[in-house]
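Structure record follows, encoded as structure tokens.
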Amino acid sequence: MVEMNKSSRLTSAEISNLWNTYMNDSLNICMVAHFLQTVEDLDVKPLLEETINVAQGHLAEIETIFQQEGIPKPVGFPVEKHVKLNAPRLFTDVFYMAYLLHMSKFGMTAHAGGITLACRKDIHDLFHKYVEEAISLNGATREVMKEKGVFIRPPYMDYPKEVEFVTEQKFLNGWFGHKRSLLALETSHLYMTSLNNELGKDVLLGFSQVAKNIDIKKHFIRGTKITSDILYNTHKTLHESDIPASMTWDTCVTDSTVAPYSEQVMLCFVNALCALGIATYGSAMSLSIRHDLAALYSKFILKSGAYAEDGANMLIERSWMEKPPQFIDRDKLIRKNTES
Numbered sequence: 001m002v003e004m005n006k007s008s009r010l011t012s013a014e015i016s017n018l019w020n021t022y023m024n025d026s027l028n029i030c031m032v033a034h035f036l037q038t039v040e041d042l043d044v045k046p047l048l049e050e051t052i053n054v055a056q057g058h059l060a061e062i063e064t065i066f067q068q069e070g071i072p073k074p075v076g077f078p079v080e081k082h083v084k085l086n087a088p089r090l091f092t093d094v095f096y097m098a099y100l101l102h103m104s105k106f107g108m109t110a111h112a113g114g115i116t117l118a119c120r121k122d123i124h125d126l127f128h129k130y131v132e133e134a135i136s137l138n139g140a141t142r143e144v145m146k147e148k149g150v151f152i153r154p155p156y157m158d159y160p161k162e163v164e165f166v167t168e169q170k171f172l173n174g175w176f177g178h179k180r181s182l183l184a185l186e187t188s189h190l191y192m193t194s195l196n197n198e199l200g201k202d203v204l205l206g207f208s209q210v211a212k213n214i215d216i217k218k219h220f221i222r223g224t225k226i227t228s229d230i231l232y233n234t235h236k237t238l239h240e241s242d243i244p245a246s247m248t249w250d251t252c253v254t255d256s257t258v259a260p261y262s263e264q265v266m267l268c269f270v271n272a273l274c275a276l277g278i279a280t281y282g283s284a285m286s287l288s289i290r291h292d293l294a295a296l297y298s299k300f301i302l303k304s305g306a307y308a309e310d311g312a313n314m315l316i317e318r319s320w321m322e323k324p325p326q327f328i329d330r331d332k333l334i335r336k337n338t339e340s
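So in UniProt numbering, spot 266 of the sequence shown is number 266, and the numbers just go up one at a time.
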């Protein structure tokens with residue numbers, strides 16, 4: 001139960017974080033609702049049930065806050081409108097686990113941001129709880145994946161033998177001359193980039209199979225090519241330092257051609273993955289010291305950004321994009337009053 005603290009109004013940051021959480025959880029419920037109908041592994045089913053229960057709890061809590069603040073609740077993505085629960089499974093149980101692991105990582109990051117920007121104690125405590133729930137789901141999913149032998153670990157490395165200091169500028173080199181081997185931190189980000197795009201590629205491949213609208217289908221197919229290009233470049237960079245690239249899961253997409261989700265949900269979910277990818281590339285770019293790595297992530301951001309913009313335009317053309325909370329356009333009001 002959320003304890004309301006009416007000593008102050010919600011800030012714009014609090015409103016936006018609550019709104020984004022509502023939309024993301026509503027979208028997540030749609031995805032997982034069909035997973036729950038088609039899951040076969042009895043160890044995976046409780047993870048899916050917990051995910052839906054937690055997400056539904058978030059929606060109820062945020063609706064209560066918005067109602068008491070006089071803010072209209074978002075429409076979101078009602079399951080009864082956007083999910084065909086009786087459709088054949090499109091993804092395997094291994095994909096379901098990878099999905100939960102990925103989304104719980106995103107939840108930890110997003111909700112931590114909600115904590116740092118919260119001013120009211122009730123909002124701070126709410127996002128603190130959400131972080132704990134995401135951590136719990138991530139840990140439970142990771143352990144089940146490890147038990148089943150499908151958890152993909154980052155590369156191992158030799159332990160450092162002594163402390164060293166950088167003494168030459170060529171430590172930064174990446175374009176010309178000898179490239180030094182990758183740092184552990186740089187490798188970690190390449191590993192995460194690879195893993196995220198493996199999941200994205202499966203999503204896009206599955207959605208490509210079931211989309212009926214030709215333009216939307218072409219958009220998803222284009223997305224698979226972008227993820228393949230990113231995977232090629234990350235794997236190539238790892239191999240240059242004799243580091244193994246992340247192993248992929250077995251084929252996670254079935255041969256179904258029946259869409260379990262509306263095309264609106266599929267487009268919105270792909271755009272959400274793009275936004276998450278761009279944020280991840282930006283973080284990786286800021287922490288990678290070698291020049292060529294910064295350039296590589298910059299290229300990933302440009303490609304993903306252009307693709308996300310095209311997806312957003314498709315949503316807008318179909319009136320499928322719900323507008324986030326926005327400040328009043330004062331210039332528009334002034335012009336309107338002048339004209340009248």
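A virtual CB, placed ideally from N, CA and C, is assigned to each residue, including glycine. Just so we're clear, the structure is a prediction, and the values are computed from it rather than from any experiment.
Problem set entry | Tyr156, DSSP secondary structure in three states | coil
Problem set entry | Span separating the alpha-carbon of residue 345 from that of Thr251 | Residue 345 cannot be examined here, being either before or after the span of the chain that is shown, 1 to 340.
Problem set entry | DSSP state of Phe165 mapped onto helix, strand, coil | coil
For this session: Provide the residue(s) that pair with Val83 in DSSP beta bridges, ordered along the chain.
Result: Tyr261
Problem set entry | Cβ pair count under 8 Å reaching 3, the region 12 to 27 against the region 103 to 121 | yes
For this session: Whole angstroms is fine: what's the gap from Met192's alpha carbon to Ile278's?
Result: For Met192 and Ile278, the distance between alpha carbons rounds to 13 Å.
Exercise. Taking one C-beta from the region 133 to 152 and one from the region 87 to 102 each time, how about it: are there three or more such pairs within less than 8 Å?
Worked result: yes
Problem set entry | Phe91 - partner residues in DSSP beta bridges | Val253
Exercise. Once you ignore the five residues that flank Ile123 on each side, which residues in its own chain have a CB closer than 6 Å to its CB?
Worked result: Glu14
Exercise. Grouping DSSP H, G and I as helix and E and B as strand, with all else coil, what is Val210?
Worked result: helix
Exercise. Would you say Phe77 and Ser26 are within 8 Å of each other, going by their C-beta atoms?
Worked result: yes
For this session: Quick one: using the 10 Å Cβ neighbour count with 16 as the cut-off for buried, is Lys105 buried or exposed?
Result: buried
Exercise. In terms of residues, what are the limits of the alpha helix (DSSP H) holding Lys303?
Worked result: 291 to 317
Problem set entry | Lys323, buried or exposed, once every other Cβ within 10 Å from all chains shown has been counted against 16 | exposed
Exercise. Can you tell me the Cα-Cα spacing of Cys274 and Arg120, whole angstroms?
Worked result: 31 Å
Exercise. Secondary structure at Met192, three-state DSSP: helix, strand or coil?
Worked result: helix
Problem set entry | DSSP state of Lys323 mapped onto helix, strand, coil | In the three-state scheme derived from DSSP, where H, G and I count as helix and E and B as strand, Lys323 is classed as coil.
Exercise. Whole-angstrom Cβ separation of Asn271 and Thr227, contact assumed at under 8 Å?
Worked result: The distance from the Cβ of Asn271 to that of Thr227 is about 14 Å, inconsistent with a contact at the 8 Å cut-off.
Exercise. Under 8 Å between the Cβ atoms of Ile52 and Ile29?
Worked result: yes
Problem set entry | Helix, strand or coil at Glu40 [DSSP, three-state] | coil
Exercise. How would you call Leu101, buried or exposed, if buried means at least 16 neighbouring beta carbons within 10 angstroms?
Worked result: buried
Exercise. Around the Cβ of Ala306, are there at least 16 other Cβ atoms within 10 angstroms (buried) or fewer (exposed)?
Worked result: exposed
Exercise. Cys30 by DSSP, collapsed to three states: which one?
Worked result: helix
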